[in-house]
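Which chain is which? The protein sequence lines are A and B, in order. FYI, the working numbering numbers position 8 of the first sequence as -1, with every residue one higher than the one before it. FYI, the working numbering numbers position 188 of the second sequence as 193, with every residue one higher than the one before it. All residues carry an ideal CB built from backbone N, CA and C; glycine is no exception.
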Amino acid sequence: MQIRAVIIMMIRLAKRSDISNKKSMQIRIAAIILALLVVSIFLAILRLNPIMVYGTMIKGAFGSPYNIRQTIIKAIPLLISALGVCIAFKMKFWNIGGEGQIMMGAFGASLIALNFPDMSKPILLILMFISAFIFGGIWAFIPSFFRVNWKTNETITTLMMNYIALKFVTYLQYGPWKDKAALGFPKIPNFSDNATLPEIFGVHIGWIIAIIVTILVFIYLNYTKKGYEISVIGESENTALYSGIDIKRAALGALFLSGAICGIVGFLQTSGVSHTLSVEITGGAGNTAIIVAWLANLNAIAMALVSILFAALITGANYIQTAFGIPQSAALILQSTILFFVLGSEFFIRFKVKFASKEKKAEEVA
Amino acid sequence: MSSELISVKNITKVFGKVIANSNIDFSVNAGEIHALLGENGAGKSTLMNMLSGVYTPDSGSIFIHGEKVHFSSPKDSIKAGVGMVFQHFKLVESMTARQNILLGQNNKLFIDEKNTSNSINEICEKFGFNIDLDKYVYDMSVGERQNLEILKILYRGADILILDEPTSVFTPQETKKLFNIMNRIKEQGCAVIFITHKLDEVMEVADRITILRKGEAICTVDKKTTNPKNLTELMVGKEMDLFIDRVEYKPGDTVLKVSNLNVLGSDNVKLLKDVNFEIKEGEIFGVAGIAGCGQKELCEAITGICNIESGKIIFKGQDISGKSSKEMMKNNIAIGFIPEDRLGMGLVGSMNIVDNLMLKDYKNQKGLLLNRRPLIEKAKKLVEKLEVKTPGIFYPIRYLSGGNIQKILLGRELSLNPKLIVMAYPVRGLDINTCYTIYNLINEEKQKGNSVLFVGEDLDVLMKLCDRIMVLNSGNVTGILEAKDATKEKLGMLMVSNADKGGDNYDDTAC
């Protein structure tokens, strides 16, 4: 007992009163490096040379124009959905329903694409965009409406909305929207050519949209009144009340926007990548986006970098799969280890760990 | 006298720059009820938190049953026999009384129902508790919950009980019951430490009284040798000379008229009860009272932040009762507000000075985008005029000292040319120079013919700075005094006399 007590005494946690951005970035980067080291051990157990694996991953992600294009295609949905959820996060509203909002955005786009396949391309694409935007927005608006009026827990409701969206699309896929030409195979028909996004430099124009959205979100958060209001609300609802901000209205508006931006992802993924709607349309982007937004410290520009890095992890992982014959899950382990360490590092950003000096230890024993 | 159960020697606790307890000596005997008396911020809670292992003292030592102890958690203190009943109960609502008592007590896998029930019943009988052990906590009244808390602590073997303002939400009957139990505990040779600022209760149950003021133990007195007047004097201290200039008071028209104002709290408790007063042009109107007597609600009702139940607030002939802060801003109601919680309400800590100035300005700007340019100029001027020490106007303000933060808040509110400025504890936690800067700014406003509602805790300051002082006591106005007629004793009496009971049973507290 005595000895145990002493060991507990040796470590003391002190709440950091404040921490500079530079210091917290340092802690986060240290966490990533540690994660890479831990995964190295795992790779070593698989009898692989970690340095070679990491090197091959980089080659796989950026080694050729084709690989770079693949990485960018993977980065687009991550970036845009991260921008979407970050608007909610700025307000300390935990929108973890990115998946559902993307799904509903995809549904919105498909609704137009499948019903008006012969409309002229520009008009059709614009209508698909608007429809995706609105459906995504509504999907975030519903839980936020309950939150601002009845204080429901948005973490749970936004998550539940994901399942509703997922099951709804499953229903469409197996039911009313099932492709009759697919010989009984449960899939939704492919979009017409007019509903397909054009390409620039070999990548669908989603990358241009991603750049535009990044800039717009950056401006929204830093240079507009609405963006200012949501930062105030996120920092302190009392201050918002004090300064006469209409919290309900500002929150509902921001949440609609948050979901609507995720909805855009649904449009891009259906129209630009898969050319149809399916239950796999999100590719997990809505969840990974949460990580991207946090790692970037909710900074729009940093999110662009982080999402490219995450996309590189994914394409790199696909590459080592064939190069070394290891399962893709090895790369997923790398990803989740990084996440684990970075989220864990939040603890060290908030608390300082102090080790009690030896003299003090002696005193405690005595 | 019987033996000392607890004794504290030379205890000091410092939080940042604030000395919460300085060299406190204090002891409690077996079989006594010992009252700790003091204003808010006198250091009562800090001291008790150290006795119950929540805080560790920076220096000094604690002896319990004559043995020196080192508490690193409340678990250690309960092992040593010290149990604390906090103002906010620590009970699990969805469990029964019995489950709450046993919670965390048994390290074995199963609970020995028979034995534990027997020992709980024994304690109940011994101390006269009347608790249904199978009742769920959510079904219990406040009084029952508190009895349960005390029972829980006694079951854990405590013989020193600390009660932190136990009667603050009680009806007189509940208070009576509690006092009975306290006396039973005392008869069993245990000790009770009773934190309060209600003098009548002290006079009723306590044996000895220790008075704390500004982190120091002033003295310990026997109840038999003292009276409420004497205690009040000890609590508030002698009048101090402050060098606050007095600006001549030339009252003008009425600026603010509050009539029959009632404000309800979240659990439908009345926090302000029929409050009436008027503030004239060019007047500094002070509000005194023990903290939590409705000061916050008063300020927030006037500034449209909290809802009012009934009553009227007239500002310069305009009815503003029930108007939200948003509507007030839209209608250019010139009331400034310095809230008590500066970073939690008045400012945004992670933002810089410019963005904080924007808080009250951006709504008047045209278009969707923010225009920071005029505010950069304003921020520079503010920093220069009020001598704010900051690395730059784009530096997040939460890294600045409390005094500089307050200067920014005050500077922003004054720059909007308010006719009335409501201030809640504007000098709390500030160094003496900043305090004087703020007093001077307040006097400047007075000279301009503007009015100030000043909620303060230091009676010396209130008497020197204000023209009239209103005393709030549990949401009631117990008096409005001209500052020149006010003395610390008079104010102190109004602050601590029992406002609810109307003094019928307690004529010794009359003033």
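Distance, residue j Cα to residue i Cα
{"i": "residue 215 (chain A)", "j": "residue 378 (chain B)", "result": "14 Å"}
{"i": "residue 224 (chain A)", "j": "residue 232 (chain A)", "result": "8 Å"}
{"i": "residue 290 (chain A)", "j": "residue 228 (chain A)", "result": "21 Å"}
{"i": "residue 105 (chain A)", "j": "residue 309 (chain A)", "result": "32 Å"}
{"i": "residue 56 (chain A)", "j": "residue 399 (chain B)", "result": "42 Å"}
{"i": "residue 406 (chain B)", "j": "residue 231 (chain B)", "result": "42 Å"}
{"i": "residue 338 (chain B)", "j": "residue 319 (chain B)", "result": "11 Å"}
{"i": "residue 58 (chain A)", "j": "residue 69 (chain A)", "result": "17 Å"}
{"i": "residue 354 (chain B)", "j": "residue 337 (chain A)", "result": "19 Å"}
{"i": "residue 358 (chain B)", "j": "residue 230 (chain A)", "result": "15 Å"}
{"i": "residue 123 (chain A)", "j": "residue 117 (chain A)", "result": "10 Å"}
{"i": "residue 339 (chain A)", "j": "residue 25 (chain B)", "result": "28 Å"}
{"i": "residue 368 (chain B)", "j": "residue 240 (chain A)", "result": "15 Å"}
{"i": "residue 220 (chain B)", "j": "residue 27 (chain B)", "result": "6 Å"}
{"i": "residue 375 (chain B)", "j": "residue 383 (chain B)", "result": "15 Å"}
{"i": "residue 62 (chain A)", "j": "residue 63 (chain B)", "result": "57 Å"}
{"i": "residue 17 (chain B)", "j": "residue 452 (chain B)", "result": "43 Å"}
{"i": "residue 295 (chain A)", "j": "residue 205 (chain A)", "result": "8 Å"}
{"i": "residue 54 (chain B)", "j": "residue 385 (chain B)", "result": "44 Å"}
{"i": "residue 507 (chain B)", "j": "residue 118 (chain B)", "result": "For residue 507 (chain B), the pLDDT reaches just 43, beneath the cut-off of 50, and the residue's location in the model is therefore unreliable, although a value from the coordinates is still provided. Cα to Cα, the separation comes out at about 48 Å."}
Cβ of residue i within 8 Å of any chain A Cβ
{"i": "residue 56 (chain B)", "result": "no"}
{"i": "residue 353 (chain B)", "result": "yes"}
{"i": "residue 14 (chain B)", "result": "no"}
{"i": "residue 391 (chain B)", "result": "no"}
{"i": "residue 271 (chain B)", "result": "no"}
{"i": "residue 467 (chain B)", "result": "no"}
{"i": "residue 8 (chain B)", "result": "no"}
{"i": "residue 363 (chain B)", "result": "yes"}
{"i": "residue 330 (chain B)", "result": "yes"}
{"i": "residue 310 (chain B)", "result": "yes"}
{"i": "residue 367 (chain B)", "result": "yes"}
{"i": "residue 380 (chain B)", "result": "no"}
{"i": "residue 334 (chain B)", "result": "yes"}
Helix, strand or coil at residue i according to DSSP, with G and I counted as helix
{"i": "residue 142 (chain A)", "result": "coil"}
{"i": "residue 144 (chain B)", "result": "helix"}
{"i": "residue 82 (chain A)", "result": "coil"}
{"i": "residue 340 (chain A)", "result": "helix"}
{"i": "residue 14 (chain B)", "result": "strand"}
{"i": "residue 280 (chain A)", "result": "helix"}
{"i": "residue 13 (chain A)", "result": "helix"}
{"i": "residue 192 (chain A)", "result": "coil"}
{"i": "residue 275 (chain B)", "result": "strand"}
{"i": "residue 459 (chain B)", "result": "strand"}
{"i": "residue 27 (chain B)", "result": "strand"}
Spatially closest choice to residue i from the options, by CA coordinates
{"i": "residue 387 (chain B)", "options": "B:436, B:419, B:270", "result": "B:419"}
{"i": "residue 249 (chain A)", "options": "A:184, A:134, A:157", "result": "A:134"}
{"i": "residue 99 (chain B)", "options": "B:108, B:91, B:92", "result": "B:108"}
{"i": "residue 307 (chain B)", "options": "B:373, B:154, B:260, B:17", "result": "B:260"}
{"i": "residue 309 (chain B)", "options": "A:121, A:236, A:209, A:194", "result": "A:236"}
{"i": "residue 97 (chain B)", "options": "B:67, B:153, B:57", "result": "B:153"}
{"i": "residue 20 (chain A)", "options": "A:287, A:43, A:299, A:321", "result": "A:287"}
{"i": "residue 349 (chain B)", "options": "B:75, B:333, B:414", "result": "B:414"}
{"i": "residue 70 (chain B)", "options": "B:183, B:10, B:137, B:156", "result": "B:10"}
C-beta neighbour in chain B for residue i, strict 8 Å
{"i": "residue 223 (chain A)", "result": "yes"}
{"i": "residue 229 (chain A)", "result": "yes"}
{"i": "residue 205 (chain A)", "result": "no"}
{"i": "residue 232 (chain A)", "result": "yes"}
{"i": "residue 235 (chain A)", "result": "yes"}
{"i": "residue 219 (chain A)", "result": "yes"}
{"i": "residue 337 (chain A)", "result": "no"}
Beta-carbon separation (whole angstroms), residue i vs residue j, contact threshold 8 Å
{"i": "residue 347 (chain B)", "j": "residue 411 (chain B)", "result": "6 Å"}
{"i": "residue 253 (chain A)", "j": "residue 96 (chain A)", "result": "6 Å"}
{"i": "residue 257 (chain A)", "j": "residue 272 (chain A)", "result": "7 Å"}
{"i": "residue 324 (chain A)", "j": "residue 33 (chain A)", "result": "6 Å"}
{"i": "residue 160 (chain B)", "j": "residue 186 (chain B)", "result": "Rounded, the Cβ-Cβ distance is 14 Å, inconsistent with contact."}
{"i": "residue 87 (chain B)", "j": "residue 167 (chain B)", "result": "7 Å"}
{"i": "residue 370 (chain A)", "j": "residue 190 (chain A)", "result": "For residue 370 (chain A) there is no data in the structure shown, the boundaries of chain A being -8 and 357."}
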